[in-house]
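Novice: Pasting a structure here, questions to come.
In the UniProt record's numbering, the protein residues as written are 1 to 426.
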């Protein structure tokens, strides 16, 4: 429920100083004492009743702001006591107008309703008591007030109506101010809610921007790792293969160096492409995992490995199909990472097995599966591992794919390492 539909709440005054309330109550008590002493002949029952009326009025006045409910109770109790004991009506009791204001301005909803009912009838009963000398019923009080039977009642009637208006004016004034306070408080709450919503929106925008930047940084790190790691692995393999060339075959040496230079140039182009992709504005509709578009195809990666002198056994099944940019990027980076690991950790005298299984049109979600198998070199454990496998898992997870790696004893000797990347194409 919004603040606009909430019932007006009492204005809390607990933070206000007590001194004004105490001073107000004492002032009423002092004025009342002066009034009753000015015409009292001595201390008698009537005098004591008047003292009680003054004290009750002072208490009601002092409580009107901080405890309006108690003030209303004190006011009604004082009036009832005054009727029962026959105490005098005192001018000091005009201070009870403060109670009428306080109950409507500061009281709870219950106190507001009770005061709205009680205050109009108090002067009516007081007038009737003055007119008849006894406590009348409500119907008798209204009849006496509205139908005076003699000219002697005109004065009390005027007093009754005047008192009624006199008590209701401050009550209505408090009610108006109460409504204004409630409206102001509702507006403040609404403004606070709007500010909180704006802050939440700004924080959400900042969090989204930070997440986008971090995602871009992680993507850049993966792309640089894939490009540089693969290129360096190819260059290293090409350079090491040149060591075994015959000294009397300068043409073979030139071809090996040309392959190294070509791989280095391609590496520079790939790095520029990766860095250039980070400088373009991000498209909000583009997937966050796409990254820089790779140069070349899956076959280009296989040819790079062959150029190092490593034997490659390439097997392809199913019907190849055109891939979307997103799927091509993920498939390219997956094969690139797996071949890089094969060059870094595999035996160079044994072939690297590559298998590409395209969907065959059977039921279910079509998937492309790429598998790379190589024999692990004896010194593979001494080669420090990188972050490629973890980055590859992240790429595949982003498109609903998966990565499976396992080792098994080779047929002749050593250990065979197999990595399979599978990604849905549907």
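We treat Cβ as the ideally placed atom computed from N, Cα and C, and that holds for glycine.
(1) For the structure I just gave you, are there three or more beta carbon pairs, one from the region 409 to 422 and one from the region 305 to 321, closer than 8 Å?
(2) Are the region 256 to 270 and the region 325 to 337 touching by the rule of at least three beta carbon pairs closer than 8 Å?
(3) DSSP has residue 418 in a bridge; who is on the other side?
(4) Buried or exposed: residue 39, going by 16 or more other Cβ atoms within 10 Å of its Cβ?
(5) Going by CA-CA distance only, name the one from 394, 185 and 407 that's closest to residue 422.
(6) Could you give the DSSP three-state label for residue 317: helix, strand or coil?
(7) Give a yes or no on whether the C-beta atoms belonging to residue 76 and residue 118 are separated by under 8 Å.
(8) Tell me, please, which residues DSSP counts as bridged to residue 357.
(9) With a 10 Å radius around its C-beta and 16 neighbouring C-beta atoms as the bar for buried, classify residue 299 as buried or exposed.
(10) For residue 53 and residue 81, which I take to be in contact (beta-carbon distance under 8 Å), what is that distance rounded to the nearest angstrom?
(11) Between which two residues does the alpha helix (DSSP H) carrying residue 350 extend?
(12) Judging by CA-CA distance, which residue of 378, 359, 329 and 321 is the nearest neighbour of residue 349?
(13) With three or more beta-carbon pairs closer than 8 Å as the criterion, would you say the region 99 to 116 touches the region 55 to 73?
(14) Confirm, please, whether the CB-CB distance from residue 85 to residue 57 is below 8 Å.
(15) Please state the DSSP three-state secondary structure of residue 96.
(16) Could you tell me whether the Cβ atoms of residue 239 and residue 260 are closer together than 8 Å?
(17) DSSP on residue 30, reduced to helix/strand/coil?
(18) Excluding the 5 residues preceding and the 5 following residue 193 in the sequence, name in chain order all residues of the same chain whose CB lies nearer than 6 Å to its CB.
(19) Check residue 294 in the structure and name its three-state DSSP category.
(20) In three-state DSSP terms, what is residue 43?
(21) Please classify residue 183: is it buried, with 16 or more other beta-carbons within 10 angstroms of its beta-carbon, or exposed?
(22) Just the C-alpha distance for residue 22 and residue 61, rounded to the nearest angstrom, thanks.
(23) Which residues in the same chain as residue 367 place their Cβ atom closer than 7 Å to its Cβ, once the five residues preceding and following it in sequence are excluded?
Specialist: Considering the structure as presented:
(1) no
(2) no
(3) 373 and 406
(4) exposed
(5) 394
(6) strand
(7) yes
(8) 317 and 369
(9) exposed
(10) 7 Å
(11) Unbroken run through residue 350: none, as it is neither H nor E.
(12) 378
(13) yes
(14) no
(15) helix
(16) yes
(17) helix
(18) none
(19) coil
(20) coil
(21) exposed
(22) 9 Å
(23) 359, 422, 423, 424 and 425
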